[in-house]
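J.: Just remember that our numbering sits 4 ahead of the position in the sequence shown, which is counted from 1.
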Amino acid sequence: MLEVLEEDYLCFPSLNATCRSMPVTPKELLVEALLYCIAVLTVMLNLLVVISISHFRQLHTPTNLLILSLAVSDLLVGLFVMPAAIIALHSCWFLGKLMCALSYLLTFTLTSASVGNMVLISVDRYVAICHPLRYSTMITSNRVMVCLCLCWLCSLLYNCLIMKDQLEQTHIADSCYHKCTAVISLISGAVDMIVTFLFPVTVIVVLYLQVFVVAVSQGRVQRSQVTAVKSKTVIKRSDMRAARTLGVVILMFILCLCPYYGLALTLQDTPADRLSAQIWLFYCNSSFNPLIYAFFYPWFRKAVKHIISLQILQQGSCDTRLM
């Protein structure tokens, strides 16, 4: 009788080496339902950002192109990465070895692309605040598009190299069949730590420290300026507002990324279970950015109203002024 019960908990009872699929408790079902809700919310919120920037021509600025790229990355996290991670909560992985490897490849690629987007956003705000007279000539939409394409392409190629062994193997790398795990060598892990975390975060912090110093100094100057230069300070204030908003986005991103890589820096074994708080905190960051935009950007709130009310279906709605 005991053997029969044990077979009921096997992924594939005909195989002696399969993982055990333990019954799901009500608490686990509640957590799983909550995670699916977060995934749906992430997709919906970032879809609003993508539609807003893509549809309204006034929003086709270099800075917003960077925001659009970041929103696409977050959208894909909610659409593919989160559901795959929820499926992997159970011991059994029924999607096969190729899908297992591809799910990790997609996760790592989106992580690298998001980090690259954050670096580009930092560069954009650095030039806008620290070199405002050169911004329009240095930062153009075409150059931003080229940088974004290179960012996504390099992220994919880099992670293909990191995942090379995982993609080429003929069986799922685990002593327990039908369990989705990724095997990354120590050298590859150390390289990834530098390339994906330490170096870009250092660049971001250095650039935004300079932005902060200039913003504080210009704030003091503006308070002492006369109204004769008011028209010039308005533009600077808009750049400051964008720098502040995107600074919050970057800060939230780093705070959500640090726990996972911080665990790796302590040379402890990172939990294989994707339900670990460190990994899911980073996943949830994908739903934070649209909320930050809604709080700081009036144009985003107006765009959302147009989308929800279906006014974007009207002819000429793409020329609506939101700012």
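Even for Gly, the Cβ is constructed at its ideal location relative to N, Cα and C.
Going by beta-carbon coordinates alone, are A117 and S145 separated by less than 8 Å?
T.: Numbered from its first residue, the sequence shown carries residue 117 at position 113. Numbered from its first residue, the sequence shown carries residue 145 at position 141. No, they are not a contact pair.
J.: Is DSSP giving S189 helix, strand or coil here?
T.: Numbered from its first residue, the sequence shown carries residue 189 at position 185. Correct three-state label for S189: coil.
J.: What's the gap between the Cα of A43 and the Cα of W303?
T.: For the purposes of this step, residue 43 is identified with residue 39 of the sequence shown, where counting begins at 1. For the purposes of this step, residue 303 is identified with residue 299 of the sequence shown, where counting begins at 1. If I take the Cα positions, the gap works out to 25 Å.
J.: Quick one, which of Q319, G120, A281, M256 has its alpha-carbon nearest I296's?
T.: Here residue 296 refers to the residue found at position 292 when the sequence shown is read from its first residue. Residue M256 is the option with its Cα nearest to I296.
J.: Select from Y40, P30, L33, K31 the residue whose C-alpha is nearest the C-alpha of W3.
T.: The displayed coordinates of the chain run from 5 to 327. Any statement about residue 3 would go beyond what the structure contains.
J.: What does a CB cutoff of less than 8 Å around R325 pick up in its chain, not counting 5 residues either side in sequence?
T.: The residue labelled residue 325 in the question sits at position 321 within the sequence shown. So the list reads Q62, once near-sequence residues are dropped.
J.: Between the alpha carbons of T206 and I258, how many angstroms are there, rounded?
T.: The residue you call residue 206 lines up with position 202 of the sequence shown. The residue you call residue 258 lines up with position 254 of the sequence shown. Spanning the two alpha carbons is a distance of roughly 11 Å.
J.: Helix, strand or coil for A219, going by three-state DSSP, please let me know.
T.: As a position in the sequence shown, residue 219 is number 215, starting the count at 1. DSSP places A219 in helix when its eight states are reduced to three.
J.: Considering L38, what are the terminal residues of the alpha helix (DSSP H) in which it resides?
T.: Along the sequence shown, one-based indexing puts residue 38 at 34. Run containing L38: 30-59, per the alpha helix (DSSP H) assignment.
J.: Have a look at A328 and L165 and give me their C-alpha separation to the nearest angstrom.
T.: For residue 328 there is no data in the structure shown, the boundaries of the chain being 5 and 327.
J.: Have a look at L211, P204, F203, M167 and flag the residue whose alpha-carbon is nearest the alpha-carbon of L190.
T.: By 1-based counting over the sequence shown, the position of residue 190 is 186. Looking at the Cα atoms, M167 is the closest of the given residues.
J.: Out of curiosity, what's the CA-to-CA distance linking A281 and C158?
T.: Your numbering for residue 281 matches position 277 in the sequence shown. Your numbering for residue 158 matches position 154 in the sequence shown. Their backbone Cα atoms lie some 28 Å apart in a straight line.
J.: Secondary structure at L63, three-state DSSP: helix, strand or coil?
T.: For the purposes of this step, residue 63 is taken as residue 59 along the sequence shown, with counting starting at 1. Helix.
J.: Below 7 Å CB to CB, which residues in the same chain sit around V215 once its five sequence neighbours on both sides are set aside?
T.: In the sequence shown, counting from the first residue as 1, residue 215 sits at position 211. R129, Y130, I133, C134, A247, listed in sequence order.
J.: Residues in the same chain with beta-carbon distance under 6 Å from P2, minus the five sequence neighbours each way, listed in chain order, please.
T.: This structure does not reach residue 2, given that the chain is present from 5 up to 327, and the question cannot be answered.
J.: Which value, in whole angstroms, describes the spacing of the CA atoms of S140 and S58?
T.: By 1-based counting over the sequence shown, the position of residue 140 is 136. By 1-based counting over the sequence shown, the position of residue 58 is 54. C-alpha separation (whole angstroms): 21 Å.
J.: Going by the C-beta, is I311 closer than 7 Å to any heavy atom of the ligand MG?
T.: The ligand MG is not part of this structure, which contains no ligands at all.
J.: Out of C104, I254, Y265, which one is the CA nearest neighbour of L211?
T.: Taking the first residue of the sequence shown as position 1, residue 211 is located at position 207. Closest option to L211, Cα to Cα, is I254.
J.: How would you call V150, buried or exposed, if buried means at least 16 neighbouring beta carbons within 10 angstroms?
T.: As a first step, residue 150 is located in the sequence shown; it is residue number 146 there, counting from the start. V150 should be labelled exposed.
J.: When you compare only the Cα positions, how much space is there between N293 and V148?
T.: Stepping through the sequence shown from its first residue, residue 293 is reached at position 289. Stepping through the sequence shown from its first residue, residue 148 is reached at position 144. In a straight line, the C-alpha of N293 is about 20 Å away from that of V148.
J.: Apart from the five residues on each side of it in sequence, which residues of its chain come closer than 7 Å, Cβ to Cβ, to P263?
T.: As a first step, residue 263 must be located in the sequence shown, where it is residue number 259. So the list reads Q282, L285, once near-sequence residues are dropped.
J.: Give the straight-line distance between the Cα atoms of Y287 and T115, rounded to the nearest whole angstrom.
T.: As a working note, residue 287 is residue 283 in the sequence shown. As a working note, residue 115 is residue 111 in the sequence shown. In a straight line, the C-alpha of Y287 is about 9 Å away from that of T115.
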